[in-house]
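So the sequence lines, in the order shown, correspond to chains A and B.
Letter by letter, the first sequence follows residues 1471 to 1649 of the working numbering.
Letter by letter, the second sequence follows residues 37 to 129 of the working numbering.
Remarks on the structure that follows.
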Amino acid sequence: MYSVLTRGNGILTYTLSVLACLTFLCFLSTLTVDYRTAAQMNTVKVVVKNIADYGVSREKNDLGYLTFDLKTDLSSLFNWNVKQLFLYLTAEYITPANELNQVVLWDKIILRGENAILDFKNMNIKYYFWDDGNGLKGHNNVTLTLSWNIIPNAGLLPNIGAIGQHSFKFPTDYTQTRV
Amino acid sequence: MEFFKSIPTHIDYVGQAKAEKLYRAIITLFSIVGFIWGYIVQQFSQSVYILGAGFILASILTVPPWPMYRRNPLNWQNPRNTEEKPSGKKGKK
Chain A
1471 MYSVLTRGNG ILTYTLSVLA CLTFLCFLST LTVDYRTAAQ MNTVKVVVKN
1521 IADYGVSREK NDLGYLTFDL KTDLSSLFNW NVKQLFLYLT AEYITPANEL
1571 NQVVLWDKII LRGENAILDF KNMNIKYYFW DDGNGLKGHN NVTLTLSWNI
1621 IPNAGLLPNI GAIGQHSFKF PTDYTQTRV
Chain B
37 MEFFKSIPTH IDYVGQAKAE KLYRAIITLF SIVGFIWGYI VQQFSQSVYI
87 LGAGFILASI LTVPPWPMYR RNPLNWQNPR NTEEKPSGKK GKK
């Protein structure tokens, strides 16, 4: 501590060590928070088509399409260690070909401070609902679930599933027209 | 140039210990206050800003060699009279 430089060095390193401790304490303070909350969802229009995904092959596969309602209040999830939420809507179903199919149909980023009270009506899905075969036509138990990935200032990146899900059926006929 | 050389830049041993204790106390205090305030308003950025304010305050108070760190000068022994030859080196010629 005998010169300006050694004192400056000492102060800077001590400040940064303290900052690291604060960040860790911030993480510890939110370790036990329960990030689950309820969400209601519903499907409005559900169709299935049988077309070729030429990016993959010329074989025709089932392509589902749907619109959905979503209602949830996520404002209680935000605290000082949550920067943003990454919401995603997943369809889950069983086919003879696969024990478990999971397809992400839609997602949304909510930054802290943005409106987190969601009430969507008749939303289109964002991503193609491809099946790797013909498992969607007439499928009578496809489950929609909403999940979120919490992006914190410091700490874990948990994936949390919403409380509440919705099961729906695909029609037994392919839709030929554009939707 | 002589003027700049006449500015004292050293601090004594007691002053060095004092400076280190002072900046540790300031930064620790600001970090505790910042953590509590950040938790109350649920904004971690507030904690970081308060810690930054503590850093600036501690830098101002302890980095420059202020006169208050120079109040305990060492008691040097008086210089010996160098004209007088030490007794052990009489036969040096």
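Even glycine gets a Cβ: it sits at the ideal position worked out from N, Cα and C.
TODO: Compare the C-beta of A:T1483 against all C-beta atoms of chain B and say whether one is closer than 8 Å.
DONE: Nearest CB-CB separation between A:T1483 and chain B: not below the 8 Å threshold.
Task: Interface residues of chain A facing B:A55 [CB-CB closer than 7 Å] - done: M1471, R1477
Open item on the list: Suppose you measure from the CA of B:S67 to the CA of B:M37; what does that come to, to the nearest Å?
Closed with: 42 Å
Task: Proximal chain A residues relative to B:V50, where beta-carbon distance stays under 9 Å - done: Going along chain A, no residue has its Cβ under 9 Å from B:V50, so there is no contact; the nearest lies around 11 Å.
Task: Sequence-distant residues of the same chain with beta carbon closer than 8 Å to B:K129, five excluded per side - done: Confidence in B:K129 is poor, its pLDDT being 48 and thus under 50, which makes the residue's placement unreliable; the coordinate value appears in the next sentence. If we look at B:K129 and ignore the five residues flanking it on each side, it has no Cβ neighbours.
Open item on the list: Can you look up A:I1595 in the DSSP assignment and give me helix, strand or coil?
Closed with: coil
Open item on the list: Between B:P100 and chain A, is any beta-carbon pair separated by less than 8 Å?
Closed with: yes
TODO: If I'm right that A:G1480 touches B:E56 with Cβ under 8 Å, what's the distance once you round it to whole angstroms?
DONE: 7 Å
Task: Residues of its chain near A:Q1572, where Cβ-Cβ distance is below 6 Å and the 5 sequence neighbours each way are ignored - done: T1560, E1562
Task: Interface residues of the segment 1483-1502 of chain A facing chain B [CB-CB below 7 Å] - done: Y1484, T1485, V1488, L1489, L1492, L1495, C1496, S1499
TODO: Give the secondary structure of A:F1494 by DSSP, where H, G and I count as helix, E and B as strand, and everything else as coil.
DONE: helix
Task: DSSP three-state assignment for B:G51, whether helix, strand or coil - done: helix
Task: Distance, B:N111 Cα to B:G127 Cα - done: Low confidence applies here, because B:G127 scores a pLDDT of 48, under 50, leaving its location unreliable and the question unanswered by this model.
- [ ] Per DSSP, which residues does A:Q1554 bridge with? Please list them.
- [x] A:L1581, A:I1621
TODO: From the DSSP output, in three-state form, read off A:V1517 for me.
DONE: Three-state result, A:V1517: strand.
Open item on the list: Give me the chain B residues within the contact set of A:W1618, using Cβ-Cβ distance strictly less than 9 Å, ordered along the chain.
Closed with: Result: empty, since nearest Cβ-Cβ is about 19 Å, beyond 9 Å.
Task: Where the beta strand (DSSP E) through B:Q79 begins and ends - done: Counting along the chain, B:Q79 falls outside any beta strand (DSSP E), and DSSP gives it neither H nor E.
TODO: Rounded to whole angstroms, what's the CA-CA distance from B:G70 to B:T98? Just pull it up for me.
DONE: 21 Å
Open item on the list: Given this structure, state the Cα-to-Cα distance separating A:G1634 from B:A61, to the nearest angstrom.
Closed with: Between A:G1634 and B:A61, the C-alpha separation is close to 51 Å.
Task: A:T1613 - partner residues in DSSP beta bridges - done: A:E1562, A:S1637
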